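Numbering (the numbering used here), first residue to last: 9 to 100.
Written as structure tokens, this is what we have:
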């Protein structure tokens with residue numbers, strides 16, 4: 009799955025890539041403005057329990073589960089924000 013995604017980068021035109029970088033910069037500025045004086049944003053790391061490995065054999069299922077797993081943290085990755093994951097056990 010990773011190889012084809014990397015190879016697809018060859019098809020991205022330079023001006024589209026530059027436009028995407030500019031958009032990320034705009035989003036980062038909007039995030040900073042929205043955050044104001046707050047020092048941190050706390051979110052769960054993942055919104056779900058881990059899927060069973062066997063269920064991920066289907067590529068469509070894998071991609072859907074992958075997108076779901078990262079939906080709460082992807083903004084920090086995309087905006088180049090510092091982040092940390094703290095493991096926590098929930099009993100009950």
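Ideal placement from N, C-alpha and C gives every residue a C-beta, glycine not left out.
As the structure is a prediction and not an experimental result, all values here were calculated from the model.
Exercise. Looking only at C-alpha atoms, which of 34, 47, 10, 33 sits nearest to residue 90?
Worked result: Residue numbering aside, residue 90 sits at position 82 when the chain shown is read from its first letter. Comparing Cα-Cα distances from residue 90 to each of 34, 47, 10, 33, the minimum goes to 47.
For this session: State yes or no: is the C-beta of residue 54 within less than 8 Å of the C-beta of residue 71?
Result: Here the question's residue 54 lines up with position 46 in the chain shown. Here the question's residue 71 lines up with position 63 in the chain shown. No, Cβ-Cβ distance for residue 54 and residue 71 is not below 8 Å.
Exercise. Between residue 44 and residue 93, what straight-line distance do the alpha-carbon atoms span, to the nearest angstrom?
Worked result: Residue numbering aside, residue 44 sits at position 36 when the chain shown is read from its first letter. Residue numbering aside, residue 93 sits at position 85 when the chain shown is read from its first letter. About 23 Å.
Problem set entry | residue 94 - containing alpha helix (DSSP H), residue span | Residue numbering aside, residue 94 sits at position 86 when the chain shown is read from its first letter. Residue 94 -> no alpha helix (DSSP H), and no H or E assigned at all.
Exercise. Going along the chain, which residues of its own chain have a beta-carbon closer than 8 Å to the beta-carbon of residue 87, five neighbours each way excluded?
Worked result: To locate residue 87, count along the chain shown from 1; it is residue 79. Result list for residue 87: 32, 35, 36, 39, in chain order.
Exercise. Which two residues bound the contiguous alpha helix (DSSP H) that contains residue 14?
Worked result: Along the chain shown, read from residue 1 onward, the residue named residue 14 stands at position 6. Element bounds for residue 14: 10-16.
For this session: Assign residue 66 to one of three DSSP states: helix, strand, or coil.
Result: Residue 66 sits at position 58 when you count from the first residue of the chain shown. It is coil, neither helix nor strand.
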